[in-house]
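Protein chains: 2
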Amino acid sequence: MSKPQSVTAGLVVIGDEILSGRTQDANVAYLAKWLNEEGVILKEVRIVADNPAAIGEAVNTLRDRCDYCFTTGGIGPTHDDITVDAVAAALGVAVMYHDEALQMLRKYYGEEGLTEARKRMARVPEGGDLIKNPMSGAPGVSKGNVYMLAGIPGIMRGMLEGLRGVLAGAAPMQSGTVTVFSPESEMAERLEQIQSAHPEVSIGSYPFFRQGRIGAALLVRSIDAAEIPPVLAEIKEAAQAIGAECMDGEPQE
Amino acid sequence: MSKPQSVTAGLVVIGDEILSGRTQDANVAYLAKWLNEEGVILKEVRIVADNPAAIGEAVNTLRDRCDYCFTTGGIGPTHDDITVDAVAAALGVAVMYHDEALQMLRKYYGEEGLTEARKRMARVPEGGDLIKNPMSGAPGVSKGNVYMLAGIPGIMRGMLEGLRGVLAGAAPMQSGTVTVFSPESEMAERLEQIQSAHPEVSIGSYPFFRQGRIGAALLVRSIDAAEIPPVLAEIKEAAQAIGAECMDGEPQE
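Line by line, the protein sequences are chains A and B.
Okay, so the first sequence: first residue is 1 according to the UniProt record's numbering, each after it adds one.
Okay, so the second sequence: first residue is 1 according to the UniProt record's numbering, each after it adds one.
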């Protein structure tokens, strides 16, 4: 059976506020899940400072290495919103006003309200397109395989709604989980054998200490859903062989 | 007045589970704040897959570029815990058992309970040291300027307690915040002027839409605390000039 090829994305999080610890990122996990629904695997994330050289280096590496490169943050109207300029410089193109974006801003703020600062929000790398935002109207910007999204989670999510079905994705990654209530070190040798016997899946062991119970969630991932249940069954057998309680699915929070 | 030189760190988050969206990272913000308390600036974060080549590339780049390189995740006993091996390969050294770590494990599990899988947790890159964990006993591993921490937040935090005062830090970054209740685009031009007039500080504008109110938190950062209040005062003046309400500090959640 031929497998669909994997389609990958990288993400550049532009955020002094995240590197300073001021803001807890909420976008990586959301984007990762959204990409998975679209059949795209998130391969690498880089969180960089609000610095054109740092942004440019990360964007150029990830747009080259992955099928798609996303950025979050830095597309607002203030002096520290430098994503469009940094990406344009990285791509070697000029920055221009996007006609439709200007019209949207003119409609929203009125002709007099359209200050130079607000016009900044209509700037795109030359030849770039808008990412329509069905939820708030505020668009993102795309140019080639680079997709520039807002950093505010609610607005970023709206922009992703506008991108549904746009990316060329493969089959989404499937997964199944068994939770074993024993220290993961007791299962480790057997798990290694199971992984070696099943190179077609990827087995992850995620230990937890929760409500006084020790255990590990054992996650089996594959693009082909049919490959998962036999491996889960082997893991359950291995758990029973050492007398450990186990259950289907994730441990409860 | 001479400024202390900045001391920097990079972080490599080793985590298929974060790239798949399964787990929400909770370590970046915590480590960022902890580093700041130690006078170290977090310069870049890379989240990479559980893959030796990806880990090695990120570690080699960030340990070269920053004064310190931290990793989180992948130091447990299972087959997918490959951080020590990947870092050793990146550094060009062998992997060995650490005597003291073996003793700790022997004490914890007993001679018979010390299986090959559990012995994995005593492996370090040749010449590496343990990071003592005053909270749980489970140690991290350091080698040169690379510090390998657990991925489970509670254990990572314990290891950081063991590292208090160990890094050579500069003065910690100071910051002050004014919240202005107006769309940030109304303040943008004036803010740019204030930033240009005060290159000694860094001004960040973090817009919010919360409980029906629109505004922006304006954060002024500097290693020298004395430089912050005059800039905050100028921002407040600028807000009052456009008739916008403002308050000291962050907007309330």
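Note that beta-carbon positions come from the ideal geometry of N, C-alpha and C, so glycine has one too.
Quick caveat: nothing in here was measured; it's all calculated off a predicted structure.
- Under the 10 Å beta carbon count, A/I242 is surrounded by fewer than 16 other beta carbons and is classified as exposed.
- In chain order, G176 place their CB closer than 8 Å to the CB of B/P229, counting only its own chain and leaving out the 5 sequence neighbours on each side.
- Straight through space, the alpha carbons of A/A53 and B/V95 are spaced by roughly 36 Å.
- C-alpha of B/G215 to C-alpha of B/G128: approximately 49 Å in a straight line.
- A straight line joining the alpha-carbon of A/Q195 with that of B/P77 spans about 14 Å.
- Residue contact check for B/Y68 against chain A: no CB pair falls below 7 Å.
- With contacts defined by Cβ atoms closer than 7 Å, B/T61 and B/G74 do not form a contacting pair.
- Note that the C-beta distance between B/V7 and B/A170 is below 7 Å.
- Secondary structure note for A/E245: its beta strand (DSSP E) is the uninterrupted segment E245 to D248.
- Counting only unbroken stretches of 3 or more residues, the beta strand (DSSP E) elements lying wholly within the stretch 105-137 of chain B are 123-125 and 129-131, in sequence order.
- The three-state secondary structure of B/P52, taken from DSSP, is helix.
- The beta-carbon distance between A/G162 and A/I131, rounded to whole angstroms, is 5 Å. This is short enough to meet the 8 Å contact definition.
- When DSSP states are grouped into helix, strand and coil, A/A216 belongs to the strand group.
- For A/A117, at least one C-beta of chain B is nearer than 7 Å to its own C-beta.
- Neighbours of B/Y206 in chain A, taken as residues at a C-beta separation under 7 Å, are given in chain order as E17.
- Residue contact with chain A for B/A29: present (Cβ-Cβ distance below 7 Å to some residue of chain A).
- Three or more beta-carbon pairs separated by less than 8 Å link the stretch 112-119 of chain B to the stretch 181-194 of chain A, which places the two stretches in contact.
- Counting the other CB atoms within 10 Å of its CB gives A/F209 a total below 16, which places it among the exposed residues.
- Burial is judged here by how many other beta carbons sit within 10 angstroms of a residue's own beta carbon; A/A29 has at least 16 and is buried.
- Closest in alpha carbon position to B/A122, among B/A49, B/R106 and B/S205, is B/R106.
- A/P207 and A/A217 have their C-alpha atoms spaced approximately 6 Å apart.
- Contact of A/V59 with chain B is not assigned, every C-beta pair being separated by 7 Å or more.
- Here A/R164 is exposed, its C-beta having fewer than 16 other C-beta atoms within 10 Å.
- For B/K236, no chain A residue has a C-beta closer than 8 Å to its own C-beta; the minimum C-beta separation is roughly 17 Å.
- With a contact defined as Cβ atoms closer than 8 Å, A/V59 and A/L167 miss out at about 17 Å.
- With respect to B/G110, B/S136 sits apart: the two C-beta atoms are not nearer than 7 Å.
- Going by DSSP, A/T71 is part of the beta strand (DSSP E) stretching over Y68 to T72.
- In the three-state reduction of the DSSP assignment, B/T177 falls in the strand class.
- With fewer than 16 neighbouring CB atoms inside 10 Å of its own CB, B/R65 falls in the exposed class.
- Chain-ordered listing is empty here: chain B has no CB closer than 7 Å to the CB of A/I75, the nearest sitting near 11 Å.
- The beta-carbon separation of A/V87 and A/T71, rounded to 7 Å, stays under the 8 Å limit for a contact.
- At least one CB atom of chain A sits nearer than 7 Å to the CB of B/G21.
- Taken in chain order, the unbroken stretches of alpha helix (DSSP H) that lie wholly in the stretch 8-68 of chain B and span 4 residues or more are 16-19, 27-37 and 52-65.
- B/Y97 and A/S222 have their C-alpha atoms roughly 34 Å apart.
- In the three-state reduction of the DSSP assignment, B/I203 falls in the strand class, which pools E and B.
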